[in-house]
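J.: Numbering (full-length UniProt numbering), first residue to last: 1 to 152.
Now the structure itself:
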């Protein structure tokens, strides 16, 4: 049975600018923005930022170098939302399904936005921990990207 884990992050940057770091050509800049977390990003298939494109990320999580291969499953630019389906990598050693959805919304009556991270996953067995530390990883990466975008 699929489980859900989610969190929000307050941002100073605009929804479109922030989302573009994950679906636009700016993906390649993420490793230079937060090198302690993201080591690299490589387009494996398709066109960057398009549904069906496959990207490999190299990252450091819980002190270990890891890899994730994900495909853009859906993009809704009107609602600033993207969903990635994890195809391969370290996560697939513990989960049979892992979907990552990021939606970025404007703050009502205020400058900035809110990033909503949503993980939907199925563990290979009950001994596998929920990916709470990965969710915290997403929060930390979001904060570093936001600080970079807001400093422009």
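Virtual Cβ for every residue (Gly too), placed ideally from N, Cα, C.
Over what stretch of residues does the alpha helix (DSSP H) that includes residue 21 continue unbroken?
T.: Counting from one through the chain shown, the residue named residue 21 turns up at place 21. It spans 15 to 23 - the alpha helix (DSSP H) in which residue 21 sits, taken as one unbroken run.
J.: Assign residue 129 to one of three DSSP states: helix, strand, or coil.
T.: For the purposes of this step, residue 129 is taken as the residue at position 129 of the chain shown. Correct three-state label for residue 129: coil.
J.: Considering only the beta carbon of each residue, do residue 60 and residue 70 sit closer than 9 Å?
T.: As a position in the chain shown, residue 60 is number 60, starting the count at 1. As a position in the chain shown, residue 70 is number 70, starting the count at 1. Not in contact: residue 60 and residue 70 (Cβ atoms no closer than 9 Å).
J.: For residue 113, count neighbouring Cβ atoms within 10 angstroms of its own Cβ and tell me buried if that reaches 16, exposed if not.
T.: Taking the first residue of the chain shown as 1, we reach residue 113 at position 113. Flag for residue 113 reads buried.
J.: The beta strand (DSSP E) spanning residue 31 covers which residue range?
T.: Here residue 31 refers to the residue found at position 31 when the chain shown is read from its first residue. Unbroken run through residue 31 is the alpha helix (DSSP H), 30 to 33; no beta strand (DSSP E).
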